[in-house]
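To keep things clear, I will list the structure first and then write my remarks on it.
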Amino acid sequence: MHLTPLEPWIARKAGLERLTRAELEAYQLARLQETLRLVRERSPFYRQHLAGCPTTLGSLADLSALPFTTADDIRQNPLRFLCVSQSEVERVVTLPTSGTTGTPKRIFFSRADQELTLDFFHIGMSTFTRPGDRVLILLPVARRGSVGDLLADALERMGAHGIRHGPVQDVAETLTTLFDEGANVVVGVPTQVLALVRAPAARRFPTAPIESVLLSMDHVPASIVSALEQAWPCTVYNHYGMTEMGLGGGVDCEARRGYHLREADLYVEIVDPQTGEPVPDGQPGEVVFTTLTRHAMPLLRYRTGDISRFLPGACPCGTCLKTLAHVRSRVRGIIPLGAGTSISIAELDEVIFRFDKVLDFTATLSRADGGPRLSVHLHLAAPPEEALIDPVRVALVEEVRAVRSGALAVSVTGEQSTGGAPPGHAKRRIGVEP
Ligand SMILES: [Zn+2]
Numbered sequence: 342m343h344l345t346p347l348e349p350w351i352a353r354k355a356g357l358e359r360l361t362r363a364e365l366e367a368y369q370l371a372r373l374q375e376t377l378r379l380v381r382e383r384s385p386f387y388r389q390h391l392a393g394c395p396t397t398l399g400s401l402a403d404l405s406a407l408p409f410t411t412a413d414d415i416r417q418n419p420l421r422f423l424c425v426s427q428s429e430v431e432r433v434v435t436l437p438t439s440g441t442t443g444t445p446k447r448i449f450f451s452r453a454d455q456e457l458t459l460d461f462f463h464i465g466m467s468t469f470t471r472p473g474d475r476v477l478i479l480l481p482v483a484r485r486g487s488v489g490d491l492l493a494d495a496l497e498r499m500g501a502h503g504i505r506h507g508p509v510q511d512v513a514e515t516l517t518t519l520f521d522e523g524a525n526v527v528v529g530v531p532t533q534v535l536a537l538v539r540a541p542a543a544r545r546f547p548t549a550p551i552e553s554v555l556l557s558m559d560h561v562p563a564s565i566v567s568a569l570e571q572a573w574p575c576t577v578y579n580h581y582g583m584t585e586m587g588l589g590g591g592v593d594c595e596a597r598r599g600y601h602l603r604e605a606d607l608y609v610e611i612v613d614p615q616t617g618e619p620v621p622d623g624q625p626g627e628v629v630f631t632t633l634t635r636h637a638m639p640l641l642r643y644r645t646g647d648i649s650r651f652l653p654g655a656c657p658c659g660t661c662l663k664t665l666a667h668v669r670s671r672v673r674g675i676i677p678l679g680a681g682t683s684i685s686i687a688e689l690d691e692v693i694f695r696f697d698k699v700l701d702f703t704a705t706l707s708r709a710d711g712g713p714r715l716s717v718h719l720h721l722a723a724p725p726e727e728a729l730i731d732p733v734r735v736a737l738v739e740e741v742r743a744v745r746s747g748a749l750a751v752s753v754t755g756e757q758s759t760g761g762a763p764p765g766h767a768k769r770r771i772g773v774e775p
């Protein structure tokens with residue numbers, strides 16, 4: 342097994358010959374002090390937010406004395422976060438709101454910030470991409486500086502070629518491009534890539550010679566990973582990131598047991614989502630990060646809303662970098678049902694995507710008369726016959742804890758997908774009826 346390419350890259354960035362945990366942490370602490378100085382000096386938001394807080398940190402653990410930054414803080418007035426003049430902002434990403442406030446989040450990047458992202462994409466992709474590879478990019482590519490556009494530029498740096506396709510609109514058209522362009526690597530959203538092997542149109546094509554797949558933008562169900570690895574001669578890797586992190590955050594190594602993070606650029610903590618207190622390594626909690634190298638809009642202790650944990654023990658790849666467990670849930674995506682039970686979309690994904698005619702599904706929770714009920718609606722690659730739908734219902738009853746225990750009733754319906762665009766890019770979640 343090869344060492345993650347992130348380790349020698351992070352060592353170089355930290356000016357170290359060989360990376361050790363202690364030296365990496367000393368570097369992180371120095372960058373953290375630098376970031377604190379920068380935001381206090383330049384950002385009106387942080388000048389106010391950090392009033393009365395210590396101005397220097399004795400150790401990384403002292404960071405927990407500083408207040409969190411939330412998505413709402415950014416929504417309220419993103420310009421107050423800026424540490425450069427507006428003319429130095431190279432790209433603004435506007436994120437549609439997922440909450441109740443209705444105001445979108447805006448995230449600013451300078452040219453230097455975009456270079457940090459490009460550099461991470463270049464090194465992260467080299468985990469499973471070699472010079473000469475042809476990478477089909479199914480992420481947004483249309484805008485200059487968009488995630489897919491930066492990825493394509495990063496691939497050129499390593500002598501690979503990024504095919505700027507964009508999200509799948511039509512499975513047959515995307516598969517035609519895949520074969521015509523000779524792609525051997527695919528990067529996309531889990532359900533979109535799944536459509537390339539399961540949609541009826543896929544039957545008209547031979548097995549695609551895909552060696553590696555990188556899934557991003559949403560949690561990655563193990564059932565989708567095995568569906569892809571059975572259909573193509575490929576190995577599937579996970580990427581974790583969000584716009585606020587600078588698009589990229591971490592990527593699997595060959596061990597694929599969790600992501601190694603770009604620890605030269607990000608300092609990541611896991612905190613109890615209720616109390617905000619840091620939890621010991623190994624314990625699950627909310628992922629909180631602090632940027633260490635960003636110019637335009639540094640973020641301190643930003644609450645991601647994602648749930649994960651640091652895996653204890655050494656990674657088989659031999660790195661001294663931490664391993665963050667694959668993110669499967671969001672804090673608000675775990676819906677309590679009373680009596681200590683809960684339900685999340687990730688639990689449903691693992692059961693439902695195992696059925697090879699399922700392209701996608703929606704799940705809606707209602708609490709009308711007689712307790713909570715989950716309505717699952719399947720999008721199928723075949724007519725919605727009872728022989729397809731009933732086994733899904735039986736599997737949910739047997740395998741989803743809240744359903745098995747009787748805390749949650751479930752019903753399953755289905756329809757044949759019209760063969761149009763596969764599911765889009767929004768993070769999938771359980772709908773909740775008021
Ligand atoms: Zn590893």
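With the first letter of the sequence shown counted as 1, position 348 gets the number 689 in the working numbering; the numbers rise by one all the way through. Quick reminder that beta carbons are idealized off the backbone N, C-alpha and C, glycines included.
- Which partner residues of His502 appear in the DSSP bridge assignment? Arg475
- Task: Consider the Cβ of Val482: report whether some Cβ of chain C lies at a distance smaller than 8 Å.
- Result: Absent from the structure is chain C; it holds one protein chain and no more.
- Sequence-distant residues of its chain with Cβ nearer than 7 Å to Arg764 (five each side left out): In the sequence as presented, Arg is not what sits at residue 764; that position holds Pro. Within the same chain, Pro764 has close Cβ partners Thr532, Gln533 and Asp701.
- Query: Okay, do the region 462 to 471 and the region 493 to 506 touch, 3+ Cβ pairs below 8 Å being the bar?
  - Reply: yes
- Message: Please tell me whether, using a cut-off of 7 Å, the distance from the CB of Cys594 to the nearest non-hydrogen atom of ligand 1 is below it.
- Response: yes
- Roughly how many angstroms separate the alpha carbons of Lys663 and Gly654, rounded to a whole number? 9 Å
- Task: Would you mind working out which of Ala568, Phe422, Trp573 and Arg539 sits nearest Glu552, comparing C-alpha positions?
- Result: Trp573
- Message: At a threshold of 7 Å, does Thr361 count as lining ligand 1 (C-beta to nearest heavy atom)?
- Response: no
- What are the complete beta strand (DSSP E) segments, minimum 3 residues, inside the region 602 to 626? 607 to 612
- Message: So within the region 745 to 774, which uninterrupted beta strand (DSSP E) runs reach at least 3 residues, ignoring any that extend past its ends?
- Response: 750 to 757
- Query: Would the C-beta of Thr468 count as close to ligand 1, meaning under 7 Å from any of its heavy atoms?
  - Reply: no
- For Thr361 and His601, believed in contact at Cβ under 8 Å, the rounded distance: Actually they are not in contact, since the Cβ atoms of His601 and Thr361 sit about 15 Å apart, beyond 8 Å.
- Task: Just mark Gln369 as buried or exposed, buried being the case when its beta carbon has 16 or more other beta carbons within 10 Å.
- Result: buried
- Task: Mind reading off the beta-carbon distance from Ser649 to Ala666? Whole number of angstroms is fine, and I expect it under 8 Å.
- Result: 5 Å
- Message: Less than 8 Å between the C-beta atoms of Thr705 and Gly772, yes or no?
- Response: yes
- Please name the residue in Leu641, Ala406, Asp413 and Phe696 whose C-alpha comes closest to that of Arg381. Leu641
- Query: Can you tell which of Thr632, Glu756, Glu740 and Ile478 has the C-alpha that lies nearest to the C-alpha of Glu727?
  - Reply: Glu756
- Message: With three or more beta-carbon pairs closer than 8 Å as the criterion, would you say the region 692 to 699 touches the region 714 to 733?
- Response: yes
- Query: Going by other Cβ atoms of all chains shown within 10 Å of its Cβ, with 16 needed for buried, is Thr470 buried or exposed?
  - Reply: buried
- Message: Once DSSP output is grouped into helix, strand and coil, what is the label at Val509?
- Response: coil
- Task: Use the C-beta contact count for Leu420: other C-beta atoms within 10 angstroms, 16 or more gives buried, fewer gives exposed.
- Result: exposed
- In this structure, does DSSP put Glu364 in helix, strand or coil? helix
- What do you reckon, are the CB atoms on Phe409 and Glu431 nearer than 8 Å? no
- Message: Between Glu774 and Ser670, how many whole angstroms is the CB-CB distance? I'm expecting something under 8 Å.
- Response: Not a contact, Cβ separation roughly 20 Å.
- Task: Please state if the CB of Gly473 and the CB of Leu480 are separated by a distance shorter than 8 Å.
- Result: no
- Could you name the residues of the same chain whose beta carbon sits closer than 7 Å to that of Val620, not counting the 5 residues immediately before and after it, in chain order? Ile611, Val612, Asp613 and Gly626
- Query: Among all the DSSP beta bridges, which residues are the ones paired with Lys446?
  - Reply: Leu436
- Item | Arg644: first and last residue of the uninterrupted beta strand (DSSP E) it sits in | Tyr643 to Ser649
- Considering Pro385, what are the terminal residues of the alpha helix (DSSP H) in which it resides? Pro385 to His390
- Query: From the DSSP output, which residues share a beta bridge with His718?
  - Reply: Thr703 and Thr754
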